[in-house]
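First comes the structure, then the notes that go with it.
In our numbering, the protein residues as written are 230 to 575.
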C-alpha cells in the first residue's frame with residue numbers, strides 16, 4: 230500500500246499544479262470582457278457557460294495521465310493493486326471535488342450525479358480521441374496543419390500547431406461557429422451586430438498575440454536567437470500562423486473588420502511578445518498582461534474594427550501598414566537583443 234500511496238501523493242501534487250495553472254484565464258483579454266458583461270446577466274451567463282465547457286476538458290482529464298504509460302506498465306503492481314490505484318485516483322479528480330461541494334451545499338443528488346456523468350463523458354471522449362489518433366495518426370489535429378515550403382513555412386506550421394494547443398483557439402472557434410449559425414438561422418439579426426461578433430472572435434485570440442513566444446519556452450527562444458533567421462521573419466511567421474487560423478473564422482461574418490482588428494492586435498502585441506515574453510502552458514487559456522498591453526489591444530482592435538465599418542477600406546490598408554511596420558521595428562529589436570545575448574555568451 231505504501232507504493233500506491235506514494236503514487237497518489239505525487240499525482241495529487243501534479244493535479245494541484247494543474248488546477249493552479251487554470252488561473253491563467255484571469256490574465257486573458259476575453260476574461261476582462263466577461264467582467265464588463267456582468268451588467269447584462271444573460272450575456273455574461275452565455276460566456277461563462279462557454280468558458281466553463283472548455284475548462285471542463287482539462288478538469289476531467291485522468292489524474293494518472295502525469296505518469297508515463299511505459300513507466301506505469303513497468304511498476305511491480307498486481308492487477309488488484311492497479312485497480313486500487315485507479316480507484317484512488319478517482320478521488321483526485323476535480324470533477325469529484327465539484328460534486329462533493331455541490332452536494333454539501335445543496336443536498337441534491339440529481340444535479341451532483343449529472344455533473345459526475347458529464348465529467349465521465351468528457352473523460353471518455355478524451356480517451357476515445359487519444360486512442361483514435363494513436364491508431365490513425367493521420368487524423369491527429371496537429372498533423373492537419375498544412376505544410377509550407379522552406380524554413381519560413383516550417384516555422385508557420387510549428388506556430389499553427391502551438392496555437393491549436395491553447396483553449397483560446399477553441400473559444401474563438403466555438404464563438405465563431407455560434408455567430409455564423411446565428412446569422413444564418415436568425416434573419417432578424419441586426420446587421421450592426423455582425424461586426425461586433427467579428428470583433429469578439431478576434432478578442433478571443435487577442436491574448437495569444439502578446440505571447441507569441443510563450444509556448445516556445447526558454448529553450449525555444451534560445452534556439453530562435455541562434456538561428457540564422459532575421460527577427461522580422463520570425464515575427465512574420467508567427468503572425469501568419471495566427472492570421473491563417475483566425476481569418477477563416479471571420480470570413481463568413483465581416484472579413485475586412487476582422488482583418489483590421491487582427492492587424493491592430495498583432496501590432497500592439499509585438500511589444501510584449503519581444504520585450505517581456507510570458508511562459509504559457511498547453512491546453513490552458515493564454516495569460517498575458519492585462520495592463521497596459523491587454524487594455525491597449527482591446528481598445529485598438531475595437532476602434533480599428535468599428536472605424537473600418539464606418540469609414541471604409543482605407544482603415545484596412547492603414548492597419549495593415551502599421552502591422553507591417555511593427556513587424557520590422559520589433560524584428561530589429563529582436564535581432565539587437567539576440568546579438569547582445571550571443572556577445573554575452575561569448
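Glycine included, C-beta positions come from ideal geometry on N, C-alpha and C.
Please read these numbers as outputs of a predicted model, since none were measured by experiment.
Distance between beta carbons of residue j and residue i, contact taken as under 8 Å
i           : j           : result
residue 536 : residue 544 : 5 Å
residue 233 : residue 314 : 5 Å
residue 445 : residue 437 : Contact flag wrong, Cβ pair sits at about 13 Å.
residue 538 : residue 424 : 5 Å
residue 482 : residue 435 : So it is not a contact: roughly 16 Å between Cβ atoms.
residue 540 : residue 462 : Contact doesn't hold; Cβ gap of about 33 Å is too wide.
residue 467 : residue 388 : 5 Å
Given residue i as reference, the closest of the options once Cα atoms are compared
i           : options            : result
residue 432 : 464, 356, 574, 402 : 402
residue 542 : 486, 522, 505      : 486
residue 471 : 297, 413, 392      : 392
residue 526 : 552, 546, 358      : 552
residue 498 : 258, 448, 546      : 258
residue 469 : 456, 407, 421, 383 : 383
residue 321 : 293, 451, 461      : 293
residue 464 : 319, 495, 483, 235 : 495
residue 255 : 337, 451, 520      : 520
residue 476 : 488, 546, 357      : 488
residue 493 : 546, 447, 339      : 546
residue 241 : 566, 319, 342, 354 : 319
residue 451 : 568, 417, 557      : 568
Beta-carbon contacts of residue i that lie in its chain and below 6 Å, excluding the five residues immediately before and after
i           : result
residue 440 : 507, 509, 515, 517
residue 430 : 401, 404, 405, 478, 479
residue 504 : none
residue 490 : 428, 431, 530, 533, 534
residue 185 : The chain is shown only over 230 to 575; residue 185 falls outside these bounds and no answer can be derived.
residue 285 : 351
residue 357 : none
residue 260 : 254
residue 645 : Here the chain has residues from 230 to 575 only, and residue 645 is not among them.
Close beta carbons around residue i, own chain, < 7 Å, minus the five adjacent residues each side
i           : result
residue 291 : 352
residue 399 : 283
residue 512 : 287, 394, 396
residue 239 : none
residue 304 : none
residue 455 : none
residue 344 : 324, 327, 328, 331
residue 426 : 408, 482
residue 473 : 389
residue 557 : 461
heavy atom of the ligand GTP below 7 Å from residue i C-beta
i           : result
residue 419 : With respect to the ligand GTP, the structure shown offers nothing to examine, as it has no ligands at all.
Own chain partners of residue i with C-beta closer than 8 Å, once the 5 adjacent residues on each side are dropped
i           : result
residue 459 : 560, 564
residue 501 : 439, 440, 507, 517, 518, 522
residue 263 : 273, 276, 277, 280
residue 253 : 509, 510, 513, 514, 515, 516
residue 386 : 374, 375, 376, 377, 470
residue 338 : 332
is_contact[residue i, chain D] using C-beta, thresh 8 Å
i           : result
residue 319 : Among the protein chains of the structure shown there is no chain D, as only one such chain exists.
(request) Quick one: which unbroken beta strand (DSSP E) runs of 3-plus residues sit fully inside the region 261-330? Chain order, please. (result) The region 261-330 contains no whole beta strand (DSSP E) run of 3 or more residues.
(request) Kindly provide the ranges of any alpha helix (DSSP H) runs that are 4 or more residues long and lie completely inside the region 338-399, ordered along the chain. (result) 338-364, 379-393
(request) For the region 426-466, list the alpha helix (DSSP H) runs that are entirely contained and at least 4 residues long, ordered along the chain. (result) 446-455
(request) Identify every run of the beta strand (DSSP E) within the region 470-521, keeping only runs that are complete inside it and at least 3 residues long; order them along the chain. (result) At a cut-off of 3 residues, not a single continuous stretch assigned as beta strand (DSSP E) sits fully inside the region 470-521.
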